[in-house]
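S.K.: Pasting a structure here, questions to come.
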Amino acid sequence: MRSIWTGSIGFGLVSIPIKLFSAVQENRLDLDMLDSRDHAHIKFQRVNEHTKKEVPYDKIVKGYKYDDDYVIIEDADFEAAAPEKTKVIEIESFVDVVSVNPMYYETSYYSEPATKNNKAYALLLEALKRSGKAGLARFVLRSTESLCIVHPVDNAIVVTRIRFAQQIRGQEELKLDDKIKVSEKELKMGLALIDQYEEPLDLSKYKDEYHTELMNIIEQKAKGKRPTIKKLKPKKAKGDDLYDQLMSSLNAKKGA
914 MRSIWTGSIG FGLVSIPIKL FSAVQENRLD LDMLDSRDHA HIKFQRVNEH
964 TKKEVPYDKI VKGYKYDDDY VIIEDADFEA AAPEKTKVIE IESFVDVVSV
1014 NPMYYETSYY SEPATKNNKA YALLLEALKR SGKAGLARFV LRSTESLCIV
1064 HPVDNAIVVT RIRFAQQIRG QEELKLDDKI KVSEKELKMG LALIDQYEEP
1114 LDLSKYKDEY HTELMNIIEQ KAKGKRPTIK KLKPKKAKGD DLYDQLMSSL
1164 NAKKGA
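Structure, rendered in structure tokens:
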């Protein structure tokens, strides 16, 4: 793995030098865009709108449109905006991990101590494990300020970027009916169904089956074979009564 950020975690007056590594990887097929007529690869170019010529990477700059002109933003400007946040993940408070709504999660990064035998890293890791808390912090990554939680996963401190509150849309435009009443009998049956399906979380048993099946289709087509398309067989509910459907679900789980 290659580090994508170098800096430190600020824990009170303690500074812990770290490197960040991406903790997630994409698992999707690398599909190219082709011309359907001759299967030639389609190329995308960075073209100057005035000269219509391609612009080399080293001549590309970032600009912000201000009035009728552009203000050019350089790398030094990003750092000057908040020099401390480009180098330090400063823990501002500690929160219960379970209090963070999953809607806020974005992506995670492993942290690694930048120096050997770093006792401060080991201390923070163990303290987070014992307390069940996560540090809430802010830092700048790729010219964007991010809110994040600092939490333990096995033997590493993980930095998970989370969204700011203003990034979460409200529900005002959703057509939600809050006048529907659920009977106590139906609710008890729903809770019983949840209890029956409850089990310890083990994500390792869930695989990306769609990716595997799609790759299988590609291999069959490469051999000149027609792939077999599975027909979707919808499950038919027994009646329209919610209670009866819940009861049938409960019995079906028992017989599984």
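Per our numbering, residue 914 is the first one in the sequence shown, and the count goes up by one each step. Glycine included, C-beta positions come from ideal geometry on N, C-alpha and C. Computed from a prediction, not measured in an experiment: that's the story for all the values here.
Do you know offhand how far Gln938's Cα is from Ala953's?
M.R.: C-alpha separation (whole angstroms): 29 Å.
S.K.: I need the straight-line Cα distance from Ile931 to Lys975, nearest angstrom please.
M.R.: The alpha-carbon atoms of Ile931 and Lys975 are separated by roughly 29 Å.
S.K.: Please name the residue, chosen from Asn1031, Lys956, Met914, that lies closest to Ser921 on a Cα-to-Cα basis.
M.R.: Selected option, being the one with the closest Cα: Asn1031.
S.K.: What are the residues that DSSP puts in a beta bridge with Arg1074?
M.R.: DSSP lists Cys1061 as partners of Arg1074.
S.K.: Three-state secondary structure (DSSP) at Asp971?
M.R.: Correct three-state label for Asp971: helix.
S.K.: From Ser1006 to Lys1101, what does the alpha carbon distance come to, in whole angstroms?
M.R.: Their Cα atoms are separated by approximately 39 Å.
S.K.: Where does Phe924 land, buried or exposed, given buried means 16+ other C-beta within 10 angstroms?
M.R.: Classification for Phe924: buried.
S.K.: Could you round the C-beta distance between Trp918 and Leu1054 to whole angstroms and report it? I think they count as a contact, below 8 Å.
M.R.: At roughly 6 Å, the Cβ-Cβ gap stays under 8 Å, so Trp918 and Leu1054 are in contact.
S.K.: Could you give the DSSP three-state label for His954: helix, strand or coil?
M.R.: Strand at His954.
S.K.: Between His1064, Tyr1023, Ser1162, Ala936, which has its C-alpha nearest Ser1012's C-alpha?
M.R.: It is His1064 whose Cα lies nearest to the Cα of Ser1012.
S.K.: Which stretch, first to last residue, makes up the alpha helix (DSSP H) that contains Gly1103?
M.R.: Looking at the DSSP string, the run of the alpha helix (DSSP H) that includes Gly1103 is 1097-1110.
S.K.: In the DSSP output, which residue or residues are listed as bridge partners for Tyr977?
M.R.: Paired residue(s): Val984.
S.K.: Please return the same chain residues whose Cβ sits closer than 8 Å to the Cβ of Tyr1171, not counting the five positions on each side in sequence.
M.R.: Nothing can be reported for residue 1171, as the shown portion of the chain is limited to 914 through 1169.
S.K.: According to the neighbour-count rule (16 or more other Cβ atoms, all chains shown, within 10 Å of its Cβ), is Val1001 buried or exposed?
M.R.: When all chains shown are included, Val1001 counts as buried.
S.K.: Need the endpoints of the alpha helix (DSSP H) that Ser1044 sits in, please.
M.R.: Counting along the chain, the alpha helix (DSSP H) containing Ser1044 begins and ends at 1032-1044.
S.K.: Rounded to a whole number of angstroms, what is the C-alpha to C-alpha distance between Ala936 and Asn1068?
M.R.: Each residue's alpha carbon lies about 13 Å from the other.
S.K.: Can you tell me which of Arg1082, Asn1164, Ile1130 puts its alpha carbon nearest to the alpha carbon of Met1016?
M.R.: Nearest C-alpha to Met1016: Arg1082.
S.K.: Let me know the secondary structure DSSP gives Pro930 once reduced to three states.
M.R.: Three-state DSSP puts Pro930 in a strand.
S.K.: Can you give the beta carbon distance from Leu1127 to Leu942, rounded, assuming they're within the 8 Å contact cut?
M.R.: About 6 Å separates the two Cβ atoms, so the contact holds.
S.K.: Is it the case that the Cβ atoms of Glu1003 and Arg1051 are separated by a distance below 8 Å?
M.R.: Yes, the pair counts as a contact, with Cβ atoms nearer than the cut-off.
S.K.: Figure out for me which residue from Arg1043, Ser1024, Ala1040 has the closest Cα to the Cα of Met914.
M.R.: If we check each option's Cα against that of Met914, Ser1024 comes out closest.
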